[in-house]
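The next block holds one structure in the form of structure tokens; read it before the comments.
There are 4 protein chains.
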Amino acid sequence: MTSVRRIAVLTGGGDAPGLNAVLFGLVTRAEALGIQCLASEDGYEGLIKGTLTPLDSTRVRGIASQGGSVIGCSNRANPFSYPRRDAEGKLTTEDVSERVAWTVRNENIDLVVAIGGDGTMAMTSRLAPLGVRSVGVPKTIDNDLAATDVTFGFQSAVDFATMAVDRIHTTAAAHDRVMIIEVMGRYAGWIALEAGLAGGANVIVLPEFEYDVQRIADAIHARRKQGQNYSIIVISEGAKPVGGTHAITKDMPAGHLPKLGGAGDRLAKSLEQLVPEHEIRVTVLGHVQRGGSPVAFDRVLGIRMGVAAAEAVARGDDGVMVSLRDGKIVTVPMGDAVGKNRNVTALDERVLAARAVGVEFGVEF
Amino acid sequence: MTSVRRIAVLTGGGDAPGLNAVLFGLVTRAEALGIQCLASEDGYEGLIKGTLTPLDSTRVRGIASQGGSVIGCSNRANPFSYPRRDAEGKLTTEDVSERVAWTVRNENIDLVVAIGGDGTMAMTSRLAPLGVRSVGVPKTIDNDLAATDVTFGFQSAVDFATMAVDRIHTTAAAHDRVMIIEVMGRYAGWIALEAGLAGGANVIVLPEFEYDVQRIADAIHARRKQGQNYSIIVISEGAKPVGGTHAITKDMPAGHLPKLGGAGDRLAKSLEQLVPEHEIRVTVLGHVQRGGSPVAFDRVLGIRMGVAAAEAVARGDDGVMVSLRDGKIVTVPMGDAVGKNRNVTALDERVLAARAVGVEFGVEF
Amino acid sequence: MTSVRRIAVLTGGGDAPGLNAVLFGLVTRAEALGIQCLASEDGYEGLIKGTLTPLDSTRVRGIASQGGSVIGCSNRANPFSYPRRDAEGKLTTEDVSERVAWTVRNENIDLVVAIGGDGTMAMTSRLAPLGVRSVGVPKTIDNDLAATDVTFGFQSAVDFATMAVDRIHTTAAAHDRVMIIEVMGRYAGWIALEAGLAGGANVIVLPEFEYDVQRIADAIHARRKQGQNYSIIVISEGAKPVGGTHAITKDMPAGHLPKLGGAGDRLAKSLEQLVPEHEIRVTVLGHVQRGGSPVAFDRVLGIRMGVAAAEAVARGDDGVMVSLRDGKIVTVPMGDAVGKNRNVTALDERVLAARAVGVEFGVEF
Amino acid sequence: MTSVRRIAVLTGGGDAPGLNAVLFGLVTRAEALGIQCLASEDGYEGLIKGTLTPLDSTRVRGIASQGGSVIGCSNRANPFSYPRRDAEGKLTTEDVSERVAWTVRNENIDLVVAIGGDGTMAMTSRLAPLGVRSVGVPKTIDNDLAATDVTFGFQSAVDFATMAVDRIHTTAAAHDRVMIIEVMGRYAGWIALEAGLAGGANVIVLPEFEYDVQRIADAIHARRKQGQNYSIIVISEGAKPVGGTHAITKDMPAGHLPKLGGAGDRLAKSLEQLVPEHEIRVTVLGHVQRGGSPVAFDRVLGIRMGVAAAEAVARGDDGVMVSLRDGKIVTVPMGDAVGKNRNVTALDERVLAARAVGVEFGVEF
């Protein structure tokens, strides 16, 4: 092993509150350890195009409290499936991974630190045979990576969604309404589960369980009988009714996922007939959940992970990802993160607690 | 004039942050002035049904910071058009205004304090010939009442919408996106105008001006040419394209307005073709804007209006509404508030300021 | 073991965001399990006085989002050292534990659920020989209980303190100032550590390490040399200089602790001479950190702990405390919580991360 | 009048949320009007030192939501009383106003736009005889300038202070406490008045009225008799007891004002004897109130004022200040702003409203 002198840093995939905290911890610590950092802006875009930009501790000072990523995120720049127009102008993709390897050699990059989700980790792992050494930092706002106990960004999203649920209570109660709040979560329903539980939702609908709209209507009627003339439903954007189809699939090309949307509207439409005595209103929080200043929890976690990544780099690690395990930052093989998601199960203690306080999930457990 | 000893208090229409502050100011001050308060819960419902509930200073202590209304709001209980099922079970309406007058006489109510919007003030004015004396407190989250400079609740809604726009910036920038945020405002666009200006929106679309989608696309392209690869659009729920139809009309029966919705989705759909290089995402804030703890501005304004209403009652006023005029609380004839809305105009100084900093409104001024 | 039918519930010690979430989870779940709940208001006060109040699921509905405790907290009502005036009117204390035992027998209470900190758990354990069965739920805003990985309330306090640090940055920078923010933490510095790290403090001063004011002045000067004309210091209320005395001690009678205060002011005074080129300003956050709506994290944790406590009661547990261990709610012997605190150590990973990003702790590690 | 082509812009005095919004409106609009902007960083420092920095619309894009001032504020750089060390190293001051005039001539500056408070406006007016033309934008977080109805920054400070008061309620109630919150306001008590009213304080203590501590103790006792076992006091930093002295005076040299502080602690000390049955706790919000992202109200007002200042410049105004009058932005002679403060009076409607809901002011009106 040669000692690491120069690294490229990138943030891939959708943004998440805490990315800048990771960069702050990583770059500040790396510099102190004598390692020079360069940024590949917009995910792998910089490495693909061969244009790296300077990234030193001055640039990351004070950014831990900011949303977004000062070096740009991208979910388009997949080295193995990079978008281009063919001769007829039709959009297609090509494998440009060799360009990444070339940039790494050409710029004397010893290692790439990739901060990103499942997709970014998969790309990064596939670059290893081309001679690209790497350390990963896990990122997913949905908190669905099996390889780490918790990811930064999740708590910020949950807090914002919870505040939205909080605010809807008074207006729901005042007007005999059924209020539907659609939150993020395509495949994993952790945001809906925690924000629904924290915000006092009456019904929580998750992607993991196909929902039976009649059960939801029954829950609304049962509340009505107990004098509760309104109901609040928190639904994941990826939730679907029993037998319903999912608007997106995993093998759609990155960056070209169709807008899923509509989970809230779809539920509203099918409920309309079943609870005609209620007005139904839908709030779609959308990408507002990804933005804004991270909560303290995500900042502290991000800084810790960034510092740990710098230290992993310094001690010569390759092909590993930093991870939070039982309160401690450790490293795990990067492959462990790829394709292994953590989903909500019927036996999850949060689900049991929610059921214990009367929350309906639209499904018979 | 007999001196006023006993009043009924109600909050009508949709809820707005600050209603409880009004109640706190009104009831506390009235009690000190020797006036007994009773609540008509759920707007005129209590007066229609003849069931008034006690309302003293103990009940309103500490509520000024809370959203909603502790005595319930309603936009259904219109004394002149009250919903009922006819013989065949079809929904119709009837005039039950005489029941209100009867309750007032029967319960020895000297005067009704109605806290509500245009609709509530109109109902209240029409009750005068039946012997129902009244004082009004203006309420509209849209801030579109001509009879007062500003209404409580508006600033709270603007602050929340602004925070949502703030949060969307980083994620919009990170992914070359066009982000549409739909905010409240059926006929008046003040929330969109102020939240758009405060949040740094690039395009603001208001109900007052039919929008030309091509102008909006041009603005997005112009930004792109200047290296701004994303755009943020704030749109009122009541906005419509040139020649488009409005989903709701004023003469639809109160409480049965169809969900307007869709202004954001509709714009997204028509933009999709015109800016194919961008992903478009829609956030619909919905009733989240009406809820939550009022900002300090709305609490102070609400308490002042409540106290002023109590004092107007004590000095024998009838048929007036409290109002903020040039920083001072005054009273104006209640009729002044009815049917006279204040809309955004092309010459409004806020519009001019927004244009001065480069905001596009989707219309040629 | 007789099956448990009727329990008394109390919240002891200082308040913490999340207490109501515990009550919501506990009472709702207990009721569903056929267990009747009664409240001992103001900690042990209700059990001492023999006056228990009803506590059912209706009373706890919707409270999880509220600060404080709907059944009142108290750090005065210590059954083994209850304040009273002696014959000459001087304040003394007496052992009234037998009264608690009497109330328990007299009211047919099968078990007491005590939600509280170290002190409350100690009292509760000492009541066991008198025949008082119990289940505990750990509470400390300082997060310093060894028997659980994390306590509710802590994250809410950290978030608020972090926001305060965030806000001070611009004004500190604008005026060449040294800004000191004093946060809670008498014996354990977790709040200062996490809020300081998350908020980007330059110096963090903790109760665990006596500080050398010269080191702090040196850090300020070092920053100045690097062109950073201001510094932000986060200090725990319990921090003290090398050789300094602590204003409070553990054996002072509960409820009569003198105001500690002053850690920030004291540091300001001793710094004044050493950094005369800077104005120094002090912010003392005080009890504002204990109040307010809990963040989602604390609500979810609180509800889970409340539900788990109800289930522990139902299955006949006695003398145990619910606890979070590696992400799971378990039960541990209540004695494990008593007198075993978790303090910040020099090797704590958060301390190492903070040092890695350049934070000075006022001590040579 | 020569047309204005080139202006210097500065932000003077303490910072206030909204300064960046003014800069955004001013610079963006000026540029569109063909006027070049340069920054005098740190108030008059840049003009005194002769070093102006570029300031164009790119630099101010997106800053309206940020606290502080991107061009730095200063309350030290007084051209007529600039600090320097004399031969013996003692700190003295000198008149460097001619240097400002020289920079203006040398850099071809046609006019100075000064954004600042009373002090900054006074300096700017005094520069006129030296040939320095100017337009002012009023700034004071205390909202005490007579020449404008409201200033940006005030509402942000009030909102933060109100949130602090909100949070203290639960913990005050839980422990029979008297909670004192010290807020900003040296000479004018508007922040304390509005935050106290909005937050539900029981006692509000203002600099305008010397307080009688016995009245405050009586109010606390009166509450106790009514079963309210706690009290919340909001006090301005400049409040003083009857016959007490004020820690600062207006003629102290700028930038060397001693820390006032202590109003809260002083009240606590004198109350201690009078209400021995209560623990007293003090929170000192300090400069946290000046920082952070401005609320929407302050951003909109700031942008409007900045745009209006650019337009005043373009039409050749000199010696004027923009001002908000009855909801409209106008210009007034800059001299009108100097030395004419707006203080809280006994007859202010907010004071009357506060008294109407039972707030004690510590003074007989």
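Chains A, P, R and F are the protein sequences, given in the same order. Numbering (this note's numbering) for the first sequence: 1 to 365. Numbering (this note's numbering) for the second sequence: 366 to 730. Numbering (this note's numbering) for the third sequence: 731 to 1095. Numbering (this note's numbering) for the fourth sequence: 1096 to 1460. Backbone N, C-alpha and C define an ideal beta-carbon position, used for all residues, glycine too. Keep in mind the model is a prediction, meaning the values are calculated, not measured.
Looking at the DSSP output, residue 82 of chain A shares a beta bridge with A/94. DSSP links residue 404 of chain P through a beta bridge to P/374, P/418. If you draw a 10 Å sphere on the C-beta of residue 1195 of chain F, you find 16 or more other C-beta atoms in it, and that means buried. Residue pairing by DSSP places residue 1240 of chain F opposite F/1436 in a beta bridge.
The Cβ of residue 288 of chain A sits closer than 7 Å to at least one Cβ of chain P. Annotation for residue 1418 of chain F: no alpha helix (DSSP H) segment contains it, though the beta strand (DSSP E) segment containing it runs 1415–1420. When F/1339, F/1369, F/1187 are compared, the shortest CA-CA separation from residue 1357 of chain F is found for F/1339. With contacts defined by Cβ atoms closer than 7 Å, residue 1286 of chain F and residue 1253 of chain F form a contacting pair.
If you ignore the 5 residues before and after residue 424 of chain P, its C-beta comes within less than 8 Å of the C-beta of 392, 435, all in its own chain and listed in chain order.
Near chain R, meaning a CB-to-CB distance below 8 Å, the residues of the segment 164–177 of chain A are 166, 169.
As summarised for the segment 149–215 of chain A, the continuous beta strand (DSSP E) elements at least 3 residues long and confined to that stretch are 177–183, 203–205, given in chain order. Note that the segment 226–237 of chain A touches the segment 200–216 of chain A; at least 3 beta-carbon pairs, one per stretch, sit closer than 8 Å. Only 431, 432, 433, 434, 437, 438, 439, 440, 441 from the segment 428–445 of chain P bring a Cβ to less than 9 Å from some Cβ of chain A.
Rounded to whole angstroms, the separation of the alpha carbons of residue 1268 of chain F and residue 515 of chain P is 34 Å. For residue 1033 of chain R, the nearest beta carbon of chain A is closer than 7 Å to its own beta carbon. Residue 1043 of chain R places its beta carbon less than 7 Å from that of residue 865 of chain R. Annotation for residue 1374 of chain F: 1272 place their beta carbon closer than 6 Å to its own, counting only its chain and skipping 5 residues before and after. Nearest CB-CB separation between residue 1123 of chain F and chain P: below the 7 Å threshold. Residues of the segment 754–779 of chain R with a C-beta less than 8 Å from any C-beta of chain A: 754, 755, 758, 759, 762, listed in chain order. Residue 193 of chain A places its beta carbon 7 Å or farther from that of residue 359 of chain A. Listed as beta-bridge partners of residue 965 of chain R by DSSP are R/912, R/935. Using a Cβ-Cβ cut-off of 7 Å, residue 935 of chain R does not count as an interface residue toward chain F, since no Cβ of chain F sits closer than that to its own.
In chain order, 295, 297, 298 place their CB closer than 7 Å to the CB of residue 155 of chain A, counting only its own chain and leaving out the 5 sequence neighbours on each side.
Contact of residue 1292 of chain F with chain P by beta-carbon distance below 8 Å involves 664, 665, 668. Here the alpha carbons of residue 1011 of chain R and residue 1184 of chain F stand approximately 25 Å from one another. Separation of residue 1091 of chain R and residue 911 of chain R (C-alpha to C-alpha, rounded to the nearest whole angstrom) is 14 Å. Judged by beta-carbon spacing, residue 427 of chain P lies beyond the 7 Å limit of residue 406 of chain P, meaning their Cβ atoms are not closer than that value.
Cα atoms of residue 1173 of chain F and residue 1411 of chain F: separation of roughly 26 Å, rounded to the nearest angstrom. The secondary-structure analysis by DSSP pairs residue 279 of chain A across a beta bridge with A/177.
Here DSSP, grouped into helix, strand and coil, assigns residue 1018 of chain R to helix. A Cβ-Cβ separation of about 6 Å places residue 35 of chain A in contact with residue 7 of chain A under the 8 Å criterion.
An exposed status is given to residue 364 of chain A, since fewer than 16 other beta-carbon atoms sit within 10 Å of its beta-carbon. Within chain A, the residues placing a beta-carbon under 7 Å from that of residue 380 of chain P are 170, 171, 174, ordered along the chain. Taking C-beta atoms under 8 Å as the contact rule, residue 67 of chain A and residue 535 of chain P qualify, at a distance of about 4 Å. Along the segment 630–649 of chain P, going in chain order, the ones with a CB nearer than 9 Å to a CB of chain A are 630, 633, 644, 645, 646, 647, 648, 649.
Of all residues in the segment 579–605 of chain P, none has a C-beta nearer than 8 Å to a C-beta of chain F.
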